[in-house]
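Asker: Sharing a structure below in structure tokens format, with a few things to ask.
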Amino acid sequence: MQAIDHYAWTNRWRDRHPAEKLLPAISLLTLTLILPPLSIGPLVLAGTMLAMVYGAQVPLRTVLSMLAAPAMFLLAGVPFLAMSLDFTHGFSLHFSPDGWRLALDTIVRALAAVSCLSFLTLTTPLVDWVPLLRRVGIPAGIVELILLVYRLIFVFAERALTGRQAQTARLGYSRLDRSVCSLGLLAGNLFQRSLEQARRLEIGLAARGYRGELRVLTPERSLSWMRLTIAMAFVVLIGVMGGLLARGWR
Amino acid sequence: MHIAEGFLPPLHAAVWTAVSLPLVIISAHRVNRLMQDQPQIKLLLAASGAFAFVLSALKLPSVTGSCSHATGTGLGAILFGPSVMALLGTIVLLFQALLLAHGGLTTLGANVFSMAIVGPWVAYGILRGTQGLNAPLAMSVFLAAMLGDMATYTVTAGQLALAFPDPASGILGSFIKFMGVFAPTQLPLAVIEGLLTVVIVNLLRQYSQDELRDLQAFPRWLAAEAR
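As they're listed, the protein sequences go chains A and B.
Residues in the first sequence are numbered from 1 upward in steps of one, following our numbering.
Residues in the second sequence are numbered from 1001 upward in steps of one, following our numbering.
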């Protein structure tokens, strides 16, 4: 989590207008979903990896660890796509050829989609999304709620880590029953402190004339039409190549 | 367990988004009105959302050795009620997708449906039901959190089964397959999360009477209980 946020704030493309990153990423994500995964997937994966590592200069290791995040889910789910359960002759479980294809398709599609998402999150800090959320029509109050959650996540994460270290040092996680108890205490304590923090924030803000709106300056970023056009040209190129490959597959 | 980004076929992703969206919008309207009436609730909700995120990022002690996380669904439903959880859960799921790469944007709708809508409603219903039967509070909190978790996993398995029907035995066979994966891994987790929620609620009732009274806007029963 810290790594993602760190690179979101420090990568080379951080100061670019968010639309320059959002539009290509969303278009690639859409392409990944609608075209046959085996033809478009590898292209999207290669394109976004290049953009992240060479364009935004995010270390390859961070990018790979992002791609590995859904690995657990894929490992648990995909083997079962390849297998088929048959009731007709009693009860049998066997591998089916169609299933393998489906499993492969799904893995490639998921990996390509995750790479699009990673591109977005590793290059754009969450705060940059805020004007966009407002434009989509989300009420100002809700947008502010989102911003507050974002800020508090990091405050609480640090606390949770400290608390956990303290508990571990006192052998709080040496057995399963103790672990459950320790974790419960940690979570409960964290919640108490969260409420306390909320109350302190509320008093502090009320003292400064808070009426339900925090006004912050959003940095003005100029949208470079040229960069956006180049990025979209790449997306179109990937889409066309993927489409042609897909036709070749059939 | 979050459905990973891009795992669902496009049609399914779109349909689940369409199902979840109106419910989340209704919840957003409610929360927005609540926040306009009482601005301090905004900070309370923000703190709780951040708390749910951090809780979900803490690794649970797991029996099978797989890495697993609490969902906090049950606790949220117990403390805030399910109508607020739809929005709060959506925000938390969004952050999980963006900051942890758990879940994703295209599967957000499906994950919101299982974790922020069905799970909390089931947990809340069980809590109300067992409280109506005068069950001890610890028992109904345990059942609510555990069964809320199980409901979430059952819905997730159902979503996956609908998206990937088995070639031989169809959706039913596929559902059995996915439940077969989830049951051994997630059942112990649901029990652990149930126990965890009891520990948390007990701690709060012991030491945080004032804060619980603040939450009164949401579940009246907890405040009444904690007199």
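All C-beta atoms in this analysis are idealised placements derived from N, C-alpha and C, irrespective of residue type, glycine included.
Just so you know, these numbers come straight off a predicted model, no measurement behind them.
Considering only their Cβ atoms, is the gap separating residue 9 of chain A from residue 131 of chain A smaller than 9 angstroms?
Answerer: Here residue 131 of chain A is taken as the residue at index 131 of the first sequence, counted from 1. Here residue 9 of chain A is taken as the residue at index 9 of the first sequence, counted from 1. The answer is no: Cβ separation not under 9 angstroms.
Asker: Per DSSP, residue 1170 of chain B is paired with what?
Answerer: Here residue 1170 of chain B corresponds to residue number 170 of the second sequence, with the count starting at 1. Bridge partners of residue 1170 of chain B: B:1166.
Asker: Where do the N-terminal and C-terminal ends of the alpha helix (DSSP H) with residue 1048 of chain B fall, by residue?
Answerer: Locating residue 1048 of chain B in the second sequence gives position 48, counting from the first residue. It spans 1040-1057 - the alpha helix (DSSP H) in which residue 1048 of chain B sits, taken as one unbroken run.
Asker: Establish whether the CB of residue 1086 of chain B and some CB of chain A are separated by less than 9 angstroms.
Answerer: Position 86 of the second sequence holds residue 1086 of chain B. Answer no: the Cβ-Cβ gap between residue 1086 of chain B and chain A never drops below 9 angstroms.
Asker: At a CB-CB cut-off below 9 angstroms, which residues of chain B make contact with residue 191 of chain A?
Answerer: Counted from its first residue, the first sequence places residue 191 of chain A at position 191. In chain order: 1047, 1048, 1051, 1055, 1075, 1079, 1200, 1203, 1204, 1208, 1211.
Asker: Please classify residue 1073 of chain B as buried or exposed, where buried requires at least 16 other C-beta atoms within 10 Å of its C-beta.
Answerer: Counting from one through the second sequence, the residue named residue 1073 of chain B turns up at place 73. Buried.
Asker: What residues in the region 1135-1164 of chain B bring their beta carbon closer than 8 angstroms to a beta carbon of chain A?
Answerer: Hits within the stretch, in order: 1160, 1164.
Asker: Mind checking the region 173-188 of chain A against chain B and listing, in chain order, the residues whose C-beta falls within less than 8 angstroms of any C-beta there?
Answerer: Those would be 173, 176, 179, 180, 181, 183, 184, 185, 186, 187, 188, in chain order.
Asker: Going by the CB atoms, is the gap between residue 16 of chain A and residue 227 of chain A shorter than 9 angstroms?
Answerer: The residue given as residue 227 of chain A occupies position 227 in the first sequence. The residue given as residue 16 of chain A occupies position 16 in the first sequence. Yes. Within cutoff.
Asker: Could you run through the region 146-160 of chain A and flag, in chain order, every residue whose CB is less than 9 angstroms away from some CB of chain B?
Answerer: The region 146-160 of chain A vs chain B, Cβ under 9 angstroms: 146, 147, 148, 149, 150, 151, 152, 153, 154, 155, 156, 157, 159, 160.
Asker: Using the C-alpha atoms, what's the distance from residue 232 of chain A back to residue 1193 of chain B?
Answerer: Locating residue 1193 of chain B in the second sequence gives position 193, where the first residue counts as 1. Locating residue 232 of chain A in the first sequence gives position 232, where the first residue counts as 1. Whole-angstrom Cα-Cα distance: 46 angstroms.
Asker: By a C-beta neighbour count over all protein chains shown, 10 Å radius and 16 as the cutoff for buried, is residue 162 of chain A buried or exposed?
Answerer: Taking the first residue of the first sequence as 1, we reach residue 162 of chain A at position 162. Exposed, because fewer than 16 other Cβ atoms sit within 10 Å of the Cβ of residue 162 of chain A.
Asker: Comparing the C-beta of residue 230 of chain A with each C-beta of chain B, is any distance below 9 angstroms?
Answerer: As a working mapping, residue 230 of chain A is identified with position 230 in the first sequence. Not one chain B Cβ lies under 9 angstroms of residue 230 of chain A.
Asker: Starting from residue 1005 of chain B and walking both ways along the alpha helix (DSSP H), at which residues does that stretch end?
Answerer: On the second sequence, residue 1005 of chain B is found 5 positions in, with the first residue counted as 1. It is not in any alpha helix (DSSP H) - residue 1005 of chain B carries neither H nor E in the DSSP assignment.
Asker: Looking at chain A, is there any beta carbon in it that lies within less than 9 angstroms of the beta carbon of residue 1004 of chain B?
Answerer: Indexing the second sequence from 1 puts residue 1004 of chain B at position 4. Yes, residue 1004 of chain B counts as interfacial toward chain A.
Asker: Measure from the C-beta of residue 171 of chain A to each C-beta in chain B and report whether the shortest distance is under 9 angstroms.
Answerer: To locate residue 171 of chain A, count along the first sequence from 1; it is residue 171. Not one chain B Cβ lies under 9 angstroms of residue 171 of chain A.
Asker: I believe residue 1103 of chain B touches residue 1111 of chain B by the beta-carbon criterion, under 8 angstroms. Please report the beta-carbon distance rounded to the nearest angstrom.
Answerer: Within the second sequence, the letter at position 103 stands for residue 1103 of chain B. Within the second sequence, the letter at position 111 stands for residue 1111 of chain B. The Cβ separation is near 5 angstroms, so the contact holds.
Asker: Does the distance from the CB of residue 1016 of chain B to the CB of residue 1159 of chain B come in under 9 angstroms?
Answerer: Within the second sequence, the letter at position 16 stands for residue 1016 of chain B. Within the second sequence, the letter at position 159 stands for residue 1159 of chain B. Their beta carbons are under 9 angstroms apart, which means residue 1016 of chain B touches residue 1159 of chain B by this criterion.
Asker: Does any CB atom of chain A fall closer than 9 angstroms to the CB of residue 1065 of chain B?
Answerer: As a position in the second sequence, residue 1065 of chain B is number 65, starting the count at 1. With a pLDDT of only 41 at residue 1065 of chain B, under the threshold of 50, the placement of this residue in the model should not be trusted, and no figure is reported.
Asker: Since I believe residue 108 of chain A is in contact with residue 1004 of chain B (beta carbons under 8 angstroms), could you give me their beta-carbon distance rounded to a whole number of angstroms?
Answerer: Position 4 of the second sequence, counted from the first residue, corresponds to residue 1004 of chain B. Position 108 of the first sequence, counted from the first residue, corresponds to residue 108 of chain A. Contact flag wrong, Cβ pair sits at about 12 angstroms.
Asker: Going by alpha carbons, who is nearest to residue 143 of chain A out of B:1007, B:1151, B:1199, B:1094?
Answerer: Position 143 of the first sequence, counting from 1, holds the residue named residue 143 of chain A. Per the Cα distances, B:1094.
Asker: Around the C-beta of residue 1012 of chain B, are 16 or more other C-beta atoms found within 10 angstroms, so that it is buried, or is it exposed?
Answerer: Position 12 of the second sequence holds residue 1012 of chain B. Its Cβ being crowded by 16 or more others within 10 Å, residue 1012 of chain B is buried.
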